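Q:
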Amino acid sequence: MDAHQHFWQFNPVRDSWITDEMSVIQKDFFPCDLKPVLQQNGFDGCVAVQASQSEEETEFLISLAAQNDFIKGVVGWVDLQANDIEERLAKYKSIPVVKGFRHVLQGEPQRDLMLKPEFKRGIAALQKQGFAYDILIFPDQINFSGELVASFPEQKFVIDHIAKPYIKRKEIDEWKRDMEKIAKHENVYCKISGMVTEADWKAWKKEDFKPYLDVVVEVFGTDRILFGSDWPVCLVAASYEKMLGIVKDYFASFSQNEQDRFFGLNAIRFYNL
Numbered sequence: 005m006d007a008h009q010h011f012w013q014f015n016p017v018r019d020s021w022i023t024d025e026m027s028v029i030q031k032d033f034f035p036c037d038l039k040p041v042l043q044q045n046g047f048d049g050c051v052a053v054q055a056s057q058s059e060e061e062t063e064f065l066i067s068l069a070a071q072n073d074f075i076k077g078v079v080g081w082v083d084l085q086a087n088d089i090e091e092r093l094a095k096y097k098s099i100p101v102v103k104g105f106r107h108v109l110q111g112e113p114q115r116d117l118m119l120k121p122e123f124k125r126g127i128a129a130l131q132k133q134g135f136a137y138d139i140l141i142f143p144d145q146i147n148f149s150g151e152l153v154a155s156f157p158e159q160k161f162v163i164d165h166i167a168k169p170y171i172k173r174k175e176i177d178e179w180k181r182d183m184e185k186i187a188k189h190e191n192v193y194c195k196i197s198g199m200v201t202e203a204d205w206k207a208w209k210k211e212d213f214k215p216y217l218d219v220v221v222e223v224f225g226t227d228r229i230l231f232g233s234d235w236p237v238c239l240v241a242a243s244y245e246k247m248l249g250i251v252k253d254y255f256a257s258f259s260q261n262e263q264d265r266f267f268g269l270n271a272i273r274f275y276n277l
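Each residue of the sequence shown is one higher than the one before, counting from 5 in the numbering used here.
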């Protein structure tokens, strides 16, 4: 189970984060593009995650899932700070493929936005309706996120892209310390995804990732880690096969049971797929 990928009909204005140096992904990506890639690599399904912040995006992913049964879950976007958040979520509760929501916290000028009362009210509404929450942050926001998750011990959280450490610059100490802290919360999981785009796109080597993988596995264990490709974003630095090879090699020495959990069972359990 690929627990993290995206689809989009490329719009240069809306998708301005896809810069010219990422020209390889300045185009449309639809289920017909991903399905053969998943099949070739032995995956049965995926979780489609929002890439733009609108409810139209959530509806777009729901419509793709309705036409493609290999999309097992959708992590959409909703305005968590909206006054009518409970009503908005009630609408999605009747659509079983919607498993959770995400806000692009990494791009927020207010780095501790997740601690605002309005945002926390939104998380409380997610918990009430049984939705998961994907935490998309940069390393400077790990501690703020730790405060957030401490307030909601019953809510399921998953950190996307191992919180985007600066792999290219080989910075690890502060990130490691903060990840150790947030991992103490048993309701927090971690997606091993999006690593190649935090490394040197042109010159990364498999060994660049080992120190970061060691930390994540050590602090989250093998029950709270999920594999995600971050396709098609990963394509700026690696093919699906090469990206998958990094984690396949790393986990080759783990038991079959542990590998099964990482490559699918944990995602199925976390998102109720």
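Think of the CB as a built atom: it goes at the ideal place given N, C-alpha and C, for glycine as much as any other residue. As the structure is a prediction and not an experimental result, all values here were calculated from the model.
Decide yes or no for the touch test of the stretch 7-19 against the stretch 40-60: beta carbon pairs closer than 8 Å, at least 3 of them.
A: A contact exists between the stretch 7-19 and the stretch 40-60.
Q: The beta strand (DSSP E) that contains Tyr-278, what's its start and end?
A: In the structure displayed, the chain extends from 5 to 277; residue 278 sits before or after that span and is not available.
Q: Once the 5 residues before and after Asp-164 are set aside, which same chain residues still bring their CB inside 7 Å of it?
A: Taking the sequence shown and counting its residues from 1, the one referred to as residue 164 is at position 160. Cβ within range, chain order: His-8, Asp-138, Ile-139, Leu-140, Lys-195, Ser-197, Gly-198.
Q: Express the C-alpha separation of Lys-124 and Gln-85 in angstroms, rounding to a whole number.
A: Taking the sequence shown and counting its residues from 1, one reaches residue 85 at position 81. Taking the sequence shown and counting its residues from 1, one reaches residue 124 at position 120. When rounded, the distance between both Cα atoms is 8 Å.
Q: Our contact map puts Tyr-216 next to Ile-272 with C-beta atoms below 8 Å; I'd like the distance itself, whole angstroms only.
A: The residue labelled residue 216 in the question sits at position 212 within the sequence shown. The residue labelled residue 272 in the question sits at position 268 within the sequence shown. Rounded, the Cβ-Cβ distance is 25 Å, inconsistent with contact.
Q: Which residues in the same chain as Asp-144 place their Cβ atom closer than 8 Å to its Cβ, once the five residues preceding and following it in sequence are excluded?
A: Residue mapping note: residue 144 aligns to position 140 of the sequence shown, counting from 1. The residues are Arg-115.
Q: Pop quiz: Glu-158 and Asn-191 are said to be a contact at Cβ under 8 Å. What is the actual Cβ separation, rounded to whole angstroms?
A: The residue you call residue 158 lines up with position 154 of the sequence shown. The residue you call residue 191 lines up with position 187 of the sequence shown. Going by Cβ atoms, the distance from Glu-158 to Asn-191 rounds to 7 Å, so yes, they are a contact pair.
Q: Which whole runs of the alpha helix (DSSP H) in the stretch 41-129 are 4 residues long or more, in chain order?
A: Listed in chain order, they are 59-71, 89-97.
Q: For Ile-29, which three-state DSSP category applies?
A: Looking up residue 29 in the sequence shown gives position 25. Three-state result, Ile-29: helix.
Q: Taking all protein chains shown into account, do 16 or more other C-beta atoms lie within 10 angstroms of the C-beta of Thr-23, making it buried, or fewer, making it exposed?
A: On the sequence shown, residue 23 is found 19 positions in, with the first residue counted as 1. Looking at its Cβ environment, which holds fewer than 16 other Cβ atoms inside 10 Å, Thr-23 is exposed.
Q: Just to confirm before moving on: does the CB-CB distance between Phe-74 and Lys-103 stay below 8 Å?
A: For the purposes of this step, residue 74 is taken as the residue at position 70 of the sequence shown. For the purposes of this step, residue 103 is taken as the residue at position 99 of the sequence shown. No, Cβ-Cβ distance for Phe-74 and Lys-103 is not below 8 Å.
Q: Suppose you measure from the CA of Phe-148 to the CA of Ala-203; what does that come to, to the nearest Å?
A: If you number the sequence shown from 1, residue 148 lands on position 144. If you number the sequence shown from 1, residue 203 lands on position 199. Cα to Cα, Phe-148 sits roughly 24 Å from Ala-203.
Q: For Trp-21, does the count of other Cβ atoms within 10 angstroms reach 16, so buried, or fall short, so exposed?
A: Counting from one through the sequence shown, the residue named residue 21 turns up at place 17. Classification of Trp-21: exposed, given that the 10 Å Cβ count is below 16.
Q: Is any heavy atom in the ligand GDP found nearer than 7 Å to the beta carbon of Asp-144?
A: The ligand GDP is absent from the structure shown, which contains no ligands of any kind.
Q: Rounded to whole angstroms, what is the Cα-Cα separation between Val-17 and Gln-260?
A: For the purposes of this step, residue 17 is taken as the residue at position 13 of the sequence shown. For the purposes of this step, residue 260 is taken as the residue at position 256 of the sequence shown. Approximately 45 Å between the Cα atoms of the pair.
Q: So, at 6 Å on beta carbons, what are the nonlocal neighbours of Lys-76 in its own chain, with the 5 sequence-adjacent residues on each side left out?
A: On the sequence shown, residue 76 is found 72 positions in, with the first residue counted as 1. Taken in chain order, the residues that qualify are Gly-49, Leu-277.
Q: Using a Cβ-Cβ cutoff of less than 6 Å, which residues in the same chain neighbour Phe-213 once the five nearest sequence positions on both sides are dropped?
A: What you label residue 213 is simply residue 209 of the sequence shown in a count that begins at 1. Counting only Cβ-Cβ distances below 6 Å, and skipping sequence neighbours, we find Met-199, Ile-250.
Q: For Val-220, I'd like the list of residues in its chain whose CB is within less than 8 Å of its CB, leaving aside the five on either flank, ordered along the chain.
A: The sequence position of residue 220 within the sequence shown is 216, counting from 1. Correct list, in chain order: Ile-166, Met-183, Cys-194, Ile-196, Ile-229.
Q: Tyr-254 by DSSP, collapsed to three states: which one?
A: Numbered from its first residue, the sequence shown carries residue 254 at position 250. Reduced to three states, the DSSP call for Tyr-254 is helix.
Q: Which residues does DSSP list as the beta-bridge partners of Phe-161?
A: Along the sequence shown, one-based indexing puts residue 161 at 157. In DSSP, Phe-161 forms a bridge with Tyr-137, Val-192.
Q: I need the DSSP call for Phe-274, collapsed to helix, strand or coil.
A: Numbered from its first residue, the sequence shown carries residue 274 at position 270. DSSP places Phe-274 in helix when its eight states are reduced to three.
Q: Quick check on the burial criterion: 16 or more other C-beta atoms within 10 angstroms. Buried or exposed for Lys-188?
A: Numbered from 1 along the sequence shown, position 184 holds the residue referred to as residue 188. Exposed.
Q: Any idea what DSSP makes of Gln-9, helix, strand or coil?
A: For the purposes of this step, residue 9 is identified with residue 5 of the sequence shown, where counting begins at 1. Gln-9: strand per DSSP, three-state reduction.
Q: For Pro-35, which option in Phe-64, Lys-185, Val-28 has the closest C-alpha, if you only look at C-alpha atoms?
A: Residue numbering aside, residue 35 sits at position 31 when the sequence shown is read from its first letter. Comparing Cα positions, the closest option is Phe-64.
Q: Just the Cα atoms here: how many angstroms apart are Ala-242 and Phe-231?
A: Counted from its first residue, the sequence shown places residue 242 at position 238. Counted from its first residue, the sequence shown places residue 231 at position 227. If I take the Cα positions, the gap works out to 16 Å.
Q: If the criterion is Cβ atoms closer than 8 Å, does the pair Trp-81 and Ser-98 meet it?
A: Locating residue 81 in the sequence shown gives position 77, counting from the first residue. Locating residue 98 in the sequence shown gives position 94, counting from the first residue. Contact: no.
Q: If you check the beta carbons only, do Gln-133 and Leu-93 fall under 8 Å apart?
A: Counting from 1 along the sequence shown, the entry for residue 133 is found at position 129. Counting from 1 along the sequence shown, the entry for residue 93 is found at position 89. Contact: yes.
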